[in-house]
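Chemist: One structure is given below, represented as structure tokens, and several questions about it will come after.
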Amino acid sequence: MFRNFKLVPRVIFGRGCFAQLDDILSSRRSNAEDWVVFVLDDVFSGAALASRIPLQENDLLLYVNVDEEPKTGYVDQLTLEVKTARSHLPCAVVGIGGGSTMDLAKAISLMLTNPGSATQYQGWDLIQHPAVYHAAVPTLSGTGAEVSRTTVLTGPEKKLGINSDYTVFDQVVLDPELTAGVPKDQYFYTGMDCYIHCVESLAGTYLNEFSKAYGEKSLELCRQVFLDDHPDAADKLMMASFFGGMSIAYSQVGACHALSYGLSYLLGIHHGVGCCITFDALEEYYPEGVKEFRFMMQKTGVDIPRNVTKGLDDAQMDIMITVALGLAPLWENCLGKDWKTIMTRDKARSLFQKM
Ligand code: NAD
Ligand code: ZN
């Protein structure tokens, strides 16, 4: 079966295009009762960006905290806040921030129209009703969350996305100026998330010309950003992120992402840095990519946390291994149909021990 892939229908790109957000949203506001929820990363509290949000009288500015990556309980709490703020649903939800904030905005827009808790929808195509119109304004480039059909959530039992066509944003606003204040380490880690998406997609058994076209271009842009110090680096990384997301949407990620989910589930390590820690241990599977990654890291002057699995007991190690090996499509993409005979629990353990 070929996947009939849902795309983001509207994209605006360019330095300063954030100023057009009001215009874009005006098409959603059909009467005086219509209101918009702006989901804003609280790192921007008191910052210039917060004052540039085109808030109208009935709108709601909802600050979210992403010190921890999105949890289903937090999504439920935020959804309730939005539902009880007015007597009727908003006409739009706009997520402004990095991958975590964009994922929260996606999840809120879905949960406003689907009953129960977000935990019920972690999986594939479990969403029954279309979401409230939702738009993304990334302020950090790399995850590809602006283009993907998932919102990655940690629930009480699993870390798994709400994957559905309804999850896909209706509008994306790509303004590279908004990434100006990202700390250097974070810029690198999330940028490497994109680089790794491409390496895993391009080395995978699921590869096809669609994924290859986007993946190769994205990889080229990552190199211009992290090896050449290009003056338009912010613009390039924003497009690399978008293209990297397009590449994996029609293929899959691989070993690095599977193992990083284990780290993140047990130790709460964030996605970007988690992928960097894991990728550094995967020379055996992605020799060229890992070599180039280390060179980029050295050039950028950033390092990764080391010995993060040191001191973990067997039970903890087992949890990480179970989470990682649960991601069958990622392993099949990396190692082929016989992946289970290659990536045994002992092999996974030995990889975790290197991190
Ligand atoms: P993030 O959104 O978690 O943000 C990381 C840090 O950067 C936070 O402290 C945040 O406040 C800060 N930040 C963001 N923009 C900033 C700016 N302009 N200036 C200063 N600080 C800024 O980081 P991320 O790496 O973009 O996203 C990671 C999340 O994305 C994870 O939760 C991961 O699961 C998810 N993810 C989702 C997808 C998807 O397809 N939906 C894909 C990959 C990752
Ligand atoms: Zn990723």
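Using the numbering used here, read the sequence shown as starting at 30 and increasing by one per residue. We put the beta carbon where it would ideally sit given N, CA and C, even for glycine.
#1: In whole angstroms, what separates the C-alpha of residue 385 from that of residue 175?
#2: Rounding to the nearest angstrom, what Cα-Cα distance links residue 356 and residue 88 in this structure?
#3: Using alpha carbons as the reference points, say which of 147, 152, 73, 158 lies closest to residue 124.
#4: Roughly how many angstroms lie between the CA atoms of residue 63 and residue 121, to the nearest whole one?
#5: Output the distance between the C-alpha atoms of residue 215 and residue 301, rounded to the nearest integer angstrom.
#6: State the Cα-Cα distance for the pair residue 27 and residue 351, rounded to the nearest angstrom.
#7: Would you say the beta carbon of residue 132 comes nearer than 7 Å to a heavy atom of ligand 2?
#8: Are there three or more Cβ pairs, one per stretch, closer than 8 Å when the region 255-275 is compared with the region 362-369?
#9: As an exercise, report each continuous alpha helix (DSSP H) stretch of at least 4 residues that is fully enclosed by the region 218-261, in chain order.
#10: In three-state terms, what does DSSP make of residue 6?
#11: Between which two residues does the alpha helix (DSSP H) containing residue 101 stretch?
#12: Which of the three DSSP states, helix, strand or coil, is assigned to residue 365?
#13: Please identify the residue among 82, 238, 270 whose C-alpha is closest to the C-alpha of residue 224.
#14: For residue 151, which option in 142, 136, 280, 303 has the closest C-alpha, if you only look at C-alpha atoms?
#15: Ligand 4 and residue 180: does the residue's C-beta get closer than 7 Å to at least one heavy atom of that ligand?
#16: Looking at the structure shown, is residue 183 part of a helix, part of a strand, or coil, going by DSSP?
#17: Please report the straight-line C-alpha distance between residue 338 and residue 205, rounded to a whole angstrom.
#18: Classify residue 49 as helix, strand or coil using the three-state DSSP reduction.
#19: Give a yes or no on contact between the region 156-175 and the region 91-107, applying the rule of three or more CB pairs nearer than 8 Å.
#20: When DSSP labels each residue in this structure, what does residue 300 get in the three-state scheme?
#21: Hey, is the region 330-350 in contact with the region 242-250, meaning 3+ C-beta pairs nearer than 8 Å?
#22: Can you tell me where the alpha helix (DSSP H) with residue 322 in it begins and where it stops?
#23: Just to confirm before moving on: does the CB-CB distance between residue 139 and residue 196 stay below 8 Å?
#24: Evaluate contact between the region 102-115 and the region 33-53, counting only Cβ atoms and requiring at least three cross-stretch pairs below 8 Å.
#25: Should residue 309 be listed as close to ligand 2, given that the test is whether its C-beta is under 7 Å from any heavy atom?
#26: When burial is assigned at 16 or more other CB atoms within 10 Å of the CB, is residue 194 buried or exposed?
#27: For ligand 1, is there any heavy atom lying closer than 7 Å to the beta carbon of residue 174?
#28: Kindly identify the DSSP beta-bridge partner or partners of residue 42.
Modeler: By the coordinates alone:
#1: One cannot answer for residue 385 here, as it falls past the ends of the chain, which runs 30 to 384.
#2: Rounded to the nearest whole angstrom, the C-alpha separation of residue 356 and residue 88 is 40 Å.
#3: Checked all of 147, 152, 73, 158; the closest Cα to residue 124 is 73.
#4: 9 Å
#5: 8 Å
#6: Since the displayed the chain opens at 30 and closes at 384, residue 27 lies outside it and no answer follows.
#7: Incorrect: residue 132 has no Cβ contact closer than 7 Å to ligand 2.
#8: no
#9: 238-255
#10: Because the chain spans 30 through 384 in this model, residue 6 falls outside it and cannot be assessed.
#11: Note, residue 101: alpha helix (DSSP H), 101-114.
#12: coil
#13: 270
#14: The shortest C-alpha to C-alpha distance from residue 151 to any of 142, 136, 280, 303 is the one to 136.
#15: Looking at this structure, you won't find ligand 4 anywhere; what it does contain is ligand 1 and ligand 2.
#16: Annotated three-state conformation of residue 183 is strand, per DSSP.
#17: 36 Å
#18: helix
#19: no
#20: helix
#21: No, the region 330-350 does not touch the region 242-250.
#22: 316-329
#23: Their beta carbons are under 8 Å apart, which means residue 139 touches residue 196 by this criterion.
#24: no
#25: no
#26: exposed
#27: yes
#28: 203
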